[in-house]
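Since the structure comes first, as structure tokens, the remarks are kept for the end.
In my numbering, the protein residues as written are 8 to 122.
The structure is reproduced here in structure tokens:
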């Protein structure tokens, strides 16, 4: 669950400290649909890959992730490494005894326009 939480929030540009009750209906529906698809693909491939095709190592000319858990991810367990999208340093912190991982630039804490 923690990997999906970190990754889906990144994929939608949502700050991990933003309260769930503050999500718009459209944001919630987009996050839910994305989670369903990511989990379906995880079961199908027997691994958790959360990066979009255009961000895979082959497409970006970067080395693949080397981790015991495998799978290509944006922020999960990538603390202090550069974001694949903007180059900012991935951050980590504890919240309710779980690790958060996020990109401070891609997941700007300011609310989205019109919210």
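Note that the Cβ used here is the ideal one computed from N, Cα and C, for glycine as well.
The Cβ-Cβ distance between residue 79 and residue 102 does not fall below 8 Å.
Straight-line measurement puts the Cα of residue 25 at about 31 Å from the Cα of residue 51. Sequence-distant Cβ neighbours of residue 97 in its own chain, meaning closer than 8 Å and more than five residues away, are 82, 85, 86, 87, 88, 89, 90, 108, 109 and 110. Here residue 99 is bridged, per DSSP, to 108. Of the candidates 19, 49, 9 and 13, the residue whose Cα lies closest to the Cα of residue 38 is 19.
Inclusion of residue 30 and residue 23 in the CB contact set at 8 Å is not warranted, their separation being larger than that value. Burial is judged here by how many other beta carbons sit within 10 angstroms of a residue's own beta carbon; residue 44 has fewer than 16 and is exposed.
In the three-state reduction of the DSSP assignment, residue 23 falls in the coil class, being assigned neither a helical nor a strand state. At the C-beta level, residue 93 and residue 112 come within 8 Å of one another.
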